[in-house]
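Asks: A single structure is presented below for examination.
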Amino acid sequence: MSDVPAAVVPKDTWLLDVIGGAGRATVDVIGDVGRASIFLLRALRRSPRALRRVSAIFESLYFIGNRSLLVISLTACFTGLVLALQGYNALSRFGAEQMVGALVALSLTRELGPVLGVLMITARAGSAIAATLGNMRVTEQIDAIRTMAIDPLEYLVSPRILAAVLVVPLLTSMFIVLGLGAAQVFSAQFLGLESSRFMTSAVDALDVDDVAAGLYKSIAFAVLMVWISTYRGYHAVGGAKGVGQATTRAVVEISVLVLGLDYVLTAFLF
0 MSDVPAAVVP KDTWLLDVIG GAGRATVDVI GDVGRASIFL LRALRRSPRA LRRVSAIFES
60 LYFIGNRSLL VISLTACFTG LVLALQGYNA LSRFGAEQMV GALVALSLTR ELGPVLGVLM
120 ITARAGSAIA ATLGNMRVTE QIDAIRTMAI DPLEYLVSPR ILAAVLVVPL LTSMFIVLGL
180 GAAQVFSAQF LGLESSRFMT SAVDALDVDD VAAGLYKSIA FAVLMVWIST YRGYHAVGGA
240 KGVGQATTRA VVEISVLVLG LDYVLTAFLF
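Start counting the sequence shown at 0; every next residue gets the next number (numbering that gives the first Met the number 0).
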């Protein structure tokens with residue numbers, strides 16, 4: 000009986016598995032980004048026609064805007080209080096406590112207003128949008144809309160994008176005003192600062208570029224929020240479990256992308 004050499008098994012197969020897994024994950028991510036980008040471009044291209052769907056736009060305005068007033072108001076007030084307290088504790092060490100108003104105004108206008116505002120809207124409206132479209136997908140309602148010769152993107156996605164672009168900057172502005180007002184009252188009543196000097200410091204610190212930066216960020220974040228939430232919901236699969244996974248994924252992705260986009264925009268706008 001002849002000796003047959005045993006097959007040589009590479010000892011470093013785990014390394015090949017790791018490299019292969021990383022490569023497959025990279026390809027999947029690139030493909031997902033490409034599909035999501037095409038989805039957004041198709042929805043934006045249908046936006047002019049979606050202007051005819053006034054009722055859908057107003058419904059989205061009410062859902063994203065009016066239904067988010069309470070959470071935006073509470074978050075803005077507490078953010079202003081924390082900024083005033085922390086700013087006073089930090090600036091008083093250098094005898095610059097009169098600059099608390101400037102600190103609060105710049106922080107709210109350039110960063111915290113747009114970022115925290117859209118994160119709160121995402122938690123309330125973005126998650127609901129993803130869940131709604133996900134339920135419509137798994138129950139074949141989107142397919143039914145298509146069979147009635149209605150473009151699902153024009154009917155379900157574009158009106159939400161238009162509504163978000165209109166209402167999110169308004170909610171961000173309200174966030175900034177309420178946060179600044181809460182900080183002013185707190186500073187005057189509990190920190191011993193003059194109310195008029197607080198507001199003068201805040202107004203003197205702001206210029207047109209600061210306000211424009213906050214406005215640009217709020218518009219970009221609005222598009223991002225609706226884009227990801229509608230995309231994940233629109234392509235949900237797997238029944239109720241798949242809808243939950245799509246909703247969770249949408250909220251997590253929006254939160255991470257908002258923070259990353261905020262850094263990019265800040266680097267370019269400063």
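Using N, Cα and C, we set each Cβ at its ideal position, and we do this for glycine too. Remember, predicted model here, so these are calculated numbers, not experimental data.
1. Please give the ranges of any alpha helix (DSSP H) in the region 180-226, keeping only runs that are unbroken, at least 4 residues long and fully inside the region.
2. Nearest to Gln183 by CA position, among Leu169, Ala201, Met173, Val166, is which residue?
3. Taking Cβ to Cβ, would you say Ile63 is nearer than 8 Å to Ala130?
4. By alpha-carbon positions, which one of Leu260, Leu115, Ser186 ends up nearest to Val167?
5. Once you ignore the five residues that flank Arg196 on each side, which residues in its own chain have a CB closer than 8 Å to its CB?
6. Considering only C-alpha positions, which residue in the set Thr138, Gly94, Arg51, Leu152 is nearest to Ile37?
7. In the DSSP assignment, find the unbroken alpha helix (DSSP H) run with Gly100 in it and report its ends.
8. Does DSSP put Asp150 in a helix, in a strand, or in coil?
9. Do you know offhand how far Glu139's Cα is from Val236's?
10. What is the residue span of the alpha helix (DSSP H) that Val257 lies within?
11. Please classify Pro47 as buried or exposed, where buried requires at least 16 other C-beta atoms within 10 Å of its C-beta.
12. Which of helix, strand or coil does DSSP assign to Glu96?
13. Express the C-alpha separation of Ile128 and Glu58 in angstroms, rounding to a whole number.
Replies: The short version:
1. 194-204
2. Ala201
3. no
4. Leu115
5. Gln97, Gly100
6. Leu152
7. 99-106
8. coil
9. 11 Å
10. 238-268
11. exposed
12. helix
13. 12 Å
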